[in-house]
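Residue numbers for the sequence shown follow this note's numbering, beginning at 634 and rising by one.
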Amino acid sequence: MNKKLNVAIIGHRFMGRAHSNGWKQAPKFFTLEAEPVLKVACGRDKQELRKFADNWSWEEISTDWESVFEREDIDIIDIATPTHLHHEMAIKAAKCGKHIFCEKPFALNLQQAESMLEAAQSANIIHYLNHNYRRCPAIVLAKKMISEGKLGRIYHLRSSYQQDWLANPDTQMGWQLDHELSGGGPHIDLGSHCIDLAHHLVGNISSISCLQAHFVKERRNSNNTKQPINVDDASIMSVEFDNGAVGSFECTRYASGRKNRNYFEINGSEGSIVFDLEKMNELEYFSSNEPSQEQGFRKIIVTEPNHDYVKNWWPPGHIIGYEHTFVHSAADFINSIVANNSITPNFQDGVNCMRVLDAGNLSAKTGQRVSIAH
Ligand SMILES: NC(=O)c1ccc[n+]([C@@H]2O[C@H](COP(=O)([O-])OP(=O)(O)OC[C@H]3O[C@@H](n4cnc5c(N)ncnc54)[C@H](O)[C@@H]3O)[C@@H](O)[C@H]2O)c1
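Encoded structure:
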């Protein structure tokens, strides 16, 4: 592997660490057509950046991301910043002709999303949107089983993404609770993951009704002053798919005891599947085609070498975790750049997702069901 691709990342906290680990582990566990080089880490705080760069072996640091984007030696821009910056950064990266690895939610709204897609398409770059759960081996298996017709005609998707870090009203304000920076609450943050998986596994959504809740009206910020909360605290969506299936989604940060439960159940004419991120190495499967007295949900442990991504890790039967999905994403992204092939999910998927989420916001505001045209 002689080819190298230089990465510049912006953001050095949660996703900064998850992505750095992804870039570093990918060539150690997967066959890559090029080696990602951790070239420049960008952010605002030099001291924090220095610590981060030293820990993850980023070669350089910079507090001026725009000039880094303009450097000829940079191949990939990795956007790991709060959502309000994705638009400006992706447009600039595309204009500079860089391949883009972008965190979700894609943008603050559909308008931003469409201009980001247009910029990426005109620049002819490889663009990736990090809905990393598509790269859980159990979800890859779910997709395969649905495509092979194991579930038959799909009737229902029952999806929820539940966390509990805001259940305590005294929890401090953060950028995630400021609409200008985040674009919304769990509706966009967690809902974007759910809608992306729904598109991936079931199909396009044709209409939506949405109800949003606001439980806590103000919280203290880091200056210990009270600030009004202007994002939703929970979002309940019910949708219709083009193929006639119906779906429900519940996204919340107030589900006491549910830490990071990205859960879905899909029911079809021939069977059902169930996934729960808190048990991410498992996929539950019910087949209507087994003898009736033996029917029941069974648990597939998705840790065998013939499950996607798994053979690159440990001997059969050894589980993997959240961070592995970022390694899978980094590996696939690098190989798609070298092959000059598009990768999914990408900015088009981001637009599709934002269209549904924006329609959900409109529905919550007006109390009306909203149709979605593709
Ligand atoms: N895929 C996932 O599972 C997942 C999980 C969590 C967060 N996210 C997404 O990742 C993105 C980042 O979230 P996070 O949790 O890492 O946030 P974070 O608050 O932990 O980190 C944000 C980083 O962005 C930097 N930053 C903020 N403003 C900046 C600016 N103007 N210029 C340069 N750097 C700036 C901060 O210094 C910090 O390093 C968000 O879009 C979030 O929704 C995705």
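Note that the Cβ used here is the ideal one computed from N, Cα and C, for glycine as well.
Problem set entry | For residue 895, the nearest candidate out of 767, 784, 951 and 728 (CA to CA) | As a working note, residue 895 is residue 262 in the sequence shown. Answer by Cα proximity: 767.
For this session: Assign residue 929 to buried or exposed, taking buried as 16 or more other Cβ atoms, counted over all protein chains shown, within 10 Å of its Cβ.
Result: What you label residue 929 is simply residue 296 of the sequence shown in a count that begins at 1. Exposed.
Problem set entry | Whole-Å CB distance - residue 899 paired with residue 989, under 8 Å assumed | Position 266 of the sequence shown, counted from the first residue, corresponds to residue 899. Position 356 of the sequence shown, counted from the first residue, corresponds to residue 989. Rounded, the Cβ-Cβ distance is 17 Å, inconsistent with contact.
For this session: Return the bridge partner residues of residue 958 from the DSSP annotation.
Result: As a first step, residue 958 is located in the sequence shown; it is residue number 325 there, counting from the start. Looking at the DSSP assignment, residue 958 forms no beta bridge with any residue, so it has no partner.
Problem set entry | Local Cβ density within 10 Å of residue 803, reported as buried at 16 or more and exposed below that | In the sequence shown, the residue the question calls residue 803 occupies position 170. The residue in question, residue 803, is exposed, as its Cβ has fewer than 16 Cβ neighbours within 10 Å.
Problem set entry | Residue range of the unbroken beta strand (DSSP E) whose run includes residue 844 | For the purposes of this step, residue 844 is taken as the residue at position 211 of the sequence shown. Bounds of the beta strand (DSSP E) holding residue 844 are 838-846.
Exercise. Nearest to residue 787 by alpha carbon, out of 835, 741, 763 and 827?
Worked result: Residue numbering aside, residue 787 sits at position 154 when the sequence shown is read from its first letter. Of the candidates 835, 741, 763 and 827, the one whose C-alpha sits nearest the C-alpha of residue 787 is 835.
For this session: Work out the CA separation of residue 706 and residue 885 for me, nearest whole Å.
Result: Along the sequence shown, one-based indexing puts residue 885 at 252. Along the sequence shown, one-based indexing puts residue 706 at 73. In a straight line, the C-alpha of residue 885 is about 42 Å away from that of residue 706.
Problem set entry | DSSP three-state assignment for residue 861, whether helix, strand or coil | Here residue 861 refers to the residue found at position 228 when the sequence shown is read from its first residue. DSSP, reduced to helix, strand and coil, places residue 861 within a strand of the structure shown.
Exercise. Is there at least one non-hydrogen atom of ligand 1 closer than 8 Å to the beta-carbon of residue 644?
Worked result: In the sequence shown, the residue the question calls residue 644 occupies position 11. Checking every heavy atom of ligand 1 against the Cβ of residue 644, one is found closer than 8 Å.
Exercise. Cβ atoms of residue 702 and residue 694: under 9 Å apart, would you say?
Worked result: What you label residue 694 is simply residue 61 of the sequence shown in a count that begins at 1. What you label residue 702 is simply residue 69 of the sequence shown in a count that begins at 1. No; because the gap between Cβ atoms is not below 9 Å, this pair is not in contact.
Exercise. Hey, residue 793 and residue 882: beta-carbon distance below 9 Å or not?
Worked result: Counting from 1 along the sequence shown, the entry for residue 793 is found at position 160. Counting from 1 along the sequence shown, the entry for residue 882 is found at position 249. Yes; because the gap between Cβ atoms is below 9 Å, this pair is in contact.
Problem set entry | Span separating the alpha-carbon of residue 905 from that of residue 636 | Counting from 1 along the sequence shown, the entry for residue 905 is found at position 272. Counting from 1 along the sequence shown, the entry for residue 636 is found at position 3. If I take the Cα positions, the gap works out to 44 Å.
Problem set entry | Straight-line Cα distance separating residue 955 from residue 979 | Taking the sequence shown and counting its residues from 1, the one referred to as residue 979 is at position 346. Taking the sequence shown and counting its residues from 1, the one referred to as residue 955 is at position 322. C-alpha separation (whole angstroms): 20 Å.
Problem set entry | Euclidean distance between Cα positions of residue 944 and residue 669 | Taking the sequence shown and counting its residues from 1, one reaches residue 944 at position 311. Taking the sequence shown and counting its residues from 1, one reaches residue 669 at position 36. If you take the alpha carbons of residue 944 and residue 669, they lie about 21 Å apart.
Exercise. Do the stretch 959-971 and the stretch 807-826 meet, that is, are 3 or more Cβ pairs less than 8 Å apart?
Worked result: no
For this session: Since I believe residue 983 is in contact with residue 739 (beta carbons under 8 Å), could you give me their beta-carbon distance rounded to a whole number of angstroms?
Result: Numbered from its first residue, the sequence shown carries residue 739 at position 106. Numbered from its first residue, the sequence shown carries residue 983 at position 350. About 3 Å separates the two Cβ atoms, so the contact holds.
Exercise. Nearest CA to the CA of residue 681: which residue from 704, 938 and 649?
Worked result: Along the sequence shown, one-based indexing puts residue 681 at 48. For the residues 704, 938 and 649, the minimum Cα distance to residue 681 belongs to 649.
Exercise. Are at least three pairs of beta-carbons, each pair with one atom in the stretch 648-667 and one in the stretch 675-689, less than 8 Å apart?
Worked result: yes
Exercise. How would you write the range of the beta strand (DSSP E) that residue 672 sits in, first residue to last?
Worked result: Looking up residue 672 in the sequence shown gives position 39. Residues 668-675.
Problem set entry | Strand pairing of residue 867, partner residues [DSSP] | Taking the first residue of the sequence shown as position 1, residue 867 is located at position 234. DSSP output for residue 867 lists 846 and 885 as bridge partner(s).
Exercise. Which same chain residues, not among the five before or five after residue 951, have their C-beta less than 8 Å away from its C-beta?
Worked result: Mapped onto the sequence shown, residue 951 falls at position 318. Excluding sequence neighbours, residue 951 sits near 936.
Problem set entry | Residue closest to residue 997, alpha-carbon to alpha-carbon, out of 867, 660, 949 and 737 | Position 364 of the sequence shown, counted from the first residue, corresponds to residue 997. If you compare the alpha carbons of 867, 660, 949 and 737 with that of residue 997, the shortest gap goes to 867.
Problem set entry | Beta bridge counterpart(s) of residue 909 as assigned by DSSP | Taking the first residue of the sequence shown as 1, we reach residue 909 at position 276. Partner residues in the beta bridge of residue 909, as assigned by DSSP, are 896.
Problem set entry | N- and C-terminal bounds of the alpha helix (DSSP H) containing residue 810 | Sequence index remark: in the sequence shown, residue 810 carries index 177 (1-based). Element bounds for residue 810: n/a, residue is neither H nor E.
Exercise. Over what stretch of residues does the alpha helix (DSSP H) that includes residue 640 continue unbroken?
Worked result: In the sequence shown, counting from the first residue as 1, residue 640 sits at position 7. Following the DSSP letters along the chain, one finds residue 640 in no alpha helix (DSSP H) but inside the beta strand (DSSP E) bounded by residues 637-643.
Problem set entry | Nearest residue (CA-CA) to residue 714, options 741, 911 and 753 | Position 81 of the sequence shown, counted from the start, is the residue given in the question as residue 714. The candidate whose alpha carbon is nearest that of residue 714 is 741.
For this session: Round the Cβ separation of residue 675 and residue 643 to the nearest angstrom and send it over; I've been treating them as touching at under 8 Å.
Result: Translated into the one-based positions of the sequence shown, residue 675 becomes position 42. Translated into the one-based positions of the sequence shown, residue 643 becomes position 10. At roughly 4 Å, the Cβ-Cβ gap stays under 8 Å, so residue 675 and residue 643 are in contact.
Exercise. Could you give the residue range of the alpha helix (DSSP H) that holds residue 822?
Worked result: Taking the first residue of the sequence shown as position 1, residue 822 is located at position 189. Residue 822 -> alpha helix (DSSP H) spans 819-834.
Exercise. Measuring CA to CA, which of 901, 848, 823 and 847 is closest to residue 892?
Worked result: If you number the sequence shown from 1, residue 892 lands on position 259. Of 901, 848, 823 and 847, the residue nearest in Cα terms is 823.
Exercise. Given residue 1010, which residues of its chain have a CB within under 8 Å of its CB, disregarding the five upstream and five downstream residues?
Worked result: Within the shown structure, residues of the chain are numbered from 634 to 1007, placing residue 1010 beyond reach of any answer.
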